[in-house]
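Peer 1: So my numbering is basically just the index in the first sequence, starting at one, shifted up by 5.
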Amino acid sequence: MLLKELKKAVKEAGQKIFDTDTEPVISRPDEKFGDYATNAALQLAKNAAASPSQIAQQLAAELKSLPGIKDVSVAGPGFINFRLTDEALAEGAFSEINLEKPLSGQEILVEFGDPNPFKQMHIGHLYSYIVGAAISRLFEVSGATVRRLSYHGDVGLHVARAIYGQLELGEGATLGLAYALGAEKYASIPAAKERIDAINLAVYDGNDPEINELHRVGVKESFDYFDKILDLLSISTDKRYLESETIEPGLKTVKANIGKVFQESQGAVIYDGKKIGLHTRVFITSKGLPTYETKDLGLVQLKHQDFPQSSRSIVITATEQTEYFKVMLAALGEIDHALAKKTTHLAHGFVNLSSGKMSSRTGDVYSAEDLINEVHQAVQQQFPESGQDNDTALAALKYDFLKARLGGDITFDVKESVSLEGNSGPYLQYAHARAASILSKAAGTMSTDAQIEFDENERSLARKISEYQEVVEKAAAELIPHHIATYLYELAQTFNSFYEKSRIIGDEREALRLKLVKSYKDVLSNGLSLLNITAPEKM
RNA sequence: GCGCGUGUAGCUCAGCUGGAUAGAGCGUCGGCUUGCGGAGCCGAAGGUCGUAGGUUCAAAUCCUGCCACGCGUACCA
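(1) Suppose the cutoff is 6 Å on Cβ atoms and the five residues either side in sequence are ignored; what does the same chain contact list for residue 10 look like?
(2) If distances are taken between C-alpha atoms only, which option among 446, 19, 425, 476 comes closest to residue 531?
(3) Measuring alpha carbon to alpha carbon, tell me which residue in 29, 410, 383, 19 is nearest residue 399.
(4) By the three-class DSSP mapping on this structure, what secondary structure does residue 127 have?
(5) Rounded to whole angstroms, what's the CA-CA distance from residue 438 to residue 414? Just pull it up for me.
(6) Sort out for me which residues DSSP pairs residue 122 with in a bridge.
(7) How many Å lie between residue 421 and residue 92 at the Cα?
(8) Under 8 Å by Cβ, that's how I've got residue 154 and residue 112 pegged, so tell me the actual separation to the nearest angstrom.
(9) Identify whether residue 231 lies in helix, strand or coil by the three-state DSSP scheme.
(10) If we ignore side chains and look at the alpha-carbon of each, how far apart do residue 440 and residue 467 end up?
(11) Three-state secondary structure (DSSP) at residue 367?
(12) Starting from residue 208, trace the alpha helix (DSSP H) in both directions and tell me its first and last residue.
(13) Suppose contacts are defined by Cβ-Cβ distances below 9 Å. Is residue 436 in contact with residue 388 by that definition?
(14) Tell me whether residue 121 is buried or exposed, calling it buried when 16 or more other Cβ atoms sit within 10 Å of its Cβ.
(15) Can you round the beta-carbon distance between residue 123 and residue 160 to whole angstroms, since I take them to be within the 8 Å contact cut?
(16) Whose C-alpha, out of 45, 509, 529, 508, is nearest the C-alpha of residue 498?
(17) Looking at the unbroken alpha helix (DSSP H) that takes in residue 116, where does it start and where does it end?
(18) Touch check for the stretch 78-98 and the stretch 39-48: three-plus C-beta pairs under 8 Å?
(19) Using C-beta distances below 7 Å, list every residue in its chain close to residue 30, excluding the 5 sequence neighbours before and after it, in chain order.
(20) Could you check the C-alpha separation between residue 239 and residue 510 for me, to the nearest Å?
(21) Quick one: Cα of residue 125 to Cα of residue 373, how far?
(22) Using 10 angstroms around the beta-carbon of residue 249, count the other beta-carbons present and answer buried if the total reaches 16, otherwise exposed.
(23) Where do the ends of the alpha helix (DSSP H) carrying residue 292 lie?
(24) Along the chain, where does the alpha helix (DSSP H) containing residue 331 start, and where does it finish?
(25) Does the stretch 442-457 come close enough to the stretch 513-527 that 3 or more CB-CB pairs lie under 8 Å?
(26) Have a look at residue 405 and residue 417 and give me their C-alpha separation to the nearest angstrom.
(27) On the CB-based measure, 16 or more other CB atoms within 10 Å of its CB, does residue 275 come out buried or exposed?
(28) Do residue 401 and residue 380 have their C-beta atoms within less than 9 Å of each other?
(29) Any contact between the stretch 128-140 and the stretch 347-360? By contact I mean 3 or more CB pairs, one from each, below 8 Å.
(30) Helix, strand or coil for residue 273, going by three-state DSSP, please let me know.
(31) Can you say whether residue 194 is buried or exposed, counting buried as having 16 or more other CB atoms within 10 angstroms of its CB?
(32) Suppose you measure from the CA of residue 174 to the CA of residue 393; what does that come to, to the nearest Å?
(33) Kindly list the residues whose CB is nearer than 7 Å to the CB of residue 445, restricted to its own chain and excluding five residues on each side of it in sequence; keep chain order.
(34) Closer than 7 Å by C-beta to residue 106: which residues in its own chain qualify, once you throw out the five before and the five after it? Chain order, please.
(35) CB-CB under 6 Å to residue 4, same chain, minus the five flanking residues each way: which ones, in chain order?
(36) Who are the near neighbours of residue 612 in its chain, counting only those whose CB is closer than 6 Å to its CB and skipping five residues on each side?
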């Protein structure tokens, strides 16, 4: 709130004194400088005769009498620092969490996860699910209605391999074993390869009852298995799309646009991405089969049919698909500009394990289950009596994925992720539990006094708490959940520092401090909920 | 080759719509029990922000070259 008022005031002051229009940047400076700062004077100095610090002085004089501002000072090359009154700071820290809802009334589609039936869910999918769930929450707190979607490759060679394996192994074979057998035979035995290729076509055609049945059962079994993991993670999906459903609308779209958007070349139908600096890609193969790009065009249409009112559509995948998505969206843009415009591809990096690089191509993958189990066991070992080990393990897992900036590869060091010291999910949960414990022990009532005067440590904590809203708004606007994680960790550190020096229960300042603890706890819990991490009262 | 991305402390990472002495965690070293949960706090050591230039009053942040790594690059997804 105050941030926007300040920005407006600085803008107006610039206009009034220098008759210049600026877009001032208001930042949160180092605490010793103040509570807010702006470099507006440095910006204005570019086209003015006066020096930056002179301009800053003039602006500062104009801004001195703003409500809630205790002190305005000029420092360094021309920064203007604002120090808030304790009352204004308290208002920011103590008022109910009431986030702005700029997306109110909008429906937003978020696709993420996307594990393939007949295969394991690996840690890349896990990362995608955890990121997607957090992004979805960010949209929700911004006021949007979110549809959580996922897309699953139920056709293609991997399916044929698994079905081949099942036929070989007979009833009762697990999908994992069947897939492994199929993959191995496909690579080593020519006859098996031929058979698998035939199964692949049969899956497409849907004319072989036995294969159809294996396919149907396999998809169901896979989804049951995914559901089990997602339940454990407390992550939900509203609707699943199957690759096989997208073929028809995809092909129809591409065929209708041959000669306009697409061209025939060497027997295939392609989109010439080169003309706009992208890759040229095949949409329909020379055998007449649709590629992933065509199916994705179909998927976009299915989503649009199901959710015609949606204003945005986000697709979250690993970075390897970044270039591909540009081509697909460019082609879509020529067919349906509006649809392409509201679709955004968001990429996350690869998950490396400290124990070695994973490869999804060779099937030599680390499964989501393995990682979950490993983190779980480590937590149990460290805290055998906790009784909250599931919540703790999930916090460790999710937080470790979410604390890194989206886009780059991450290295998941299992040992480090379960080390519960430092910047970790369990640290934040513990911080929350400790605050809860203080509040439950306290007999005193919280202050309702409007005349507030903070001491140094109280002020630092109040200042940090009051930043929360700005952080969430930024994270939501930029679709970067890690801002939340970084902030929560800093907040907990600020609190721990305050806590070390300030007695709460029994102190003469108890009423005010309890109020701080309560606000702190509320922010922690709210922030963790944005990351889909629980905030336990006890651990 | 071309395109996209990454390169910040021993390790893992923040900071990147340019701004005030480059920040955390882990690890290392040194402190803190009469007090509400020590999964904590305080401090120290540790940095040519890949490299060479450029733009700017100001560059980790923007631009260009180069180096290293990752991904993509016509019928996989």
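Beta carbons are placed, not taken as given, at the ideal position from N, Cα and C, and that holds for glycine.
Note that the structure is a prediction, hence the values are computed from the model and not measured.
Peer 2: Short version:
(1) Residue 10 sits at position 5 when you count from the first residue of the first sequence. For residue 10, where only same-chain residues beyond five positions count, there are no Cβ hits under 6 Å.
(2) One-based indexing of the first sequence puts residue 531 at position 526. It is 476.
(3) Taking the first residue of the first sequence as 1, we reach residue 399 at position 394. Selected option, being the one with the closest Cα: 383.
(4) Translated into the one-based positions of the first sequence, residue 127 becomes position 122. Residue 127: strand per DSSP, three-state reduction.
(5) Translated into the one-based positions of the first sequence, residue 438 becomes position 433. Translated into the one-based positions of the first sequence, residue 414 becomes position 409. Using only the alpha carbons, I get a separation of about 32 Å.
(6) Here residue 122 refers to the residue found at position 117 when the first sequence is read from its first residue. BP columns for residue 122 are empty, so no partner.
(7) One-based indexing of the first sequence puts residue 421 at position 416. One-based indexing of the first sequence puts residue 92 at position 87. One C-alpha to the other measures close to 42 Å.
(8) Along the first sequence, read from residue 1 onward, the residue named residue 154 stands at position 149. Along the first sequence, read from residue 1 onward, the residue named residue 112 stands at position 107. Actually they do not touch by this definition, with Cβ atoms about 12 Å apart.
(9) Taking the first residue of the first sequence as position 1, residue 231 is located at position 226. In this structure, residue 231 counts as helix in the three-state DSSP scheme.
(10) As a working mapping, residue 440 is identified with position 435 in the first sequence. As a working mapping, residue 467 is identified with position 462 in the first sequence. Approximately 15 Å between the Cα atoms of the pair.
(11) To locate residue 367, count along the first sequence from 1; it is residue 362. Confidence in residue 367 is poor, its pLDDT being 38 and thus under 50, which makes the residue's placement too unreliable to answer from.
(12) Taking the first sequence and counting its residues from 1, the one referred to as residue 208 is at position 203. Unbroken alpha helix (DSSP H) run through residue 208: 195-210.
(13) Walking along the first sequence from the start, residue 436 turns up at place 431. Walking along the first sequence from the start, residue 388 turns up at place 383. No, the pair does not count as a contact, with Cβ atoms beyond the cut-off.
(14) Within the first sequence, numbered from 1, the residue matching residue 121 stands at position 116. Per the 10 Å Cβ criterion, buried.
(15) Numbered from its first residue, the first sequence carries residue 123 at position 118. Numbered from its first residue, the first sequence carries residue 160 at position 155. Actually they do not touch by this definition, with Cβ atoms about 10 Å apart.
(16) In the first sequence, the residue the question calls residue 498 occupies position 493. Residue 529 is the option with its Cα nearest to residue 498.
(17) Mapped onto the first sequence, residue 116 falls at position 111. Where residue 116 is concerned, there is no enclosing alpha helix (DSSP H), although the beta strand (DSSP E) it sits in stretches over 112-116.
(18) yes
(19) For the purposes of this step, residue 30 is taken as residue 25 along the first sequence, with counting starting at 1. Taken in chain order, the residues that qualify are 43, 44.
(20) If you number the first sequence from 1, residue 239 lands on position 234. If you number the first sequence from 1, residue 510 lands on position 505. Going from the Cα of residue 239 to the Cα of residue 510 covers about 36 Å.
(21) In the first sequence, residue 125 corresponds to position 120, counting from 1. In the first sequence, residue 373 corresponds to position 368, counting from 1. Spanning the two alpha carbons is a distance of roughly 8 Å.
(22) Here residue 249 refers to the residue found at position 244 when the first sequence is read from its first residue. Residue 249 is buried by the Cβ-count criterion.
(23) Taking the first residue of the first sequence as 1, we reach residue 292 at position 287. Premise fails: residue 292 is in no alpha helix (DSSP H) and is neither H nor E.
(24) Residue numbering aside, residue 331 sits at position 326 when the first sequence is read from its first letter. Residues 327-340.
(25) yes
(26) Residue 405 sits at position 400 when you count from the first residue of the first sequence. Residue 417 sits at position 412 when you count from the first residue of the first sequence. Approximately 8 Å between the Cα atoms of the pair.
(27) If you number the first sequence from 1, residue 275 lands on position 270. By the 10 Å Cβ count, residue 275 comes out buried.
(28) Here the question's residue 401 lines up with position 396 in the first sequence. Here the question's residue 380 lines up with position 375 in the first sequence. Yes. Within cutoff.
(29) yes
(30) Walking along the first sequence from the start, residue 273 turns up at place 268. Of the three classes helix, strand and coil, the one that applies to residue 273 here is strand, per DSSP.
(31) Counted from its first residue, the first sequence places residue 194 at position 189. Exposed, because fewer than 16 other Cβ atoms sit within 10 Å of the Cβ of residue 194.
(32) Residue numbering aside, residue 174 sits at position 169 when the first sequence is read from its first letter. Residue numbering aside, residue 393 sits at position 388 when the first sequence is read from its first letter. Going by the C-alpha atoms only, they are around 41 Å apart.
(33) Taking the first sequence and counting its residues from 1, one reaches residue 445 at position 440. If we look at residue 445 and ignore the five residues flanking it on each side, it has no Cβ neighbours.
(34) Here the question's residue 106 lines up with position 101 in the first sequence. 147, 148, listed in sequence order.
(35) Coverage of the chain is limited to positions 6 through 544, which leaves residue 4 absent and any answer about it impossible.
(36) Given that the chain is displayed from residue 6 to residue 544, the structure contains no residue 612 and the question cannot be resolved.
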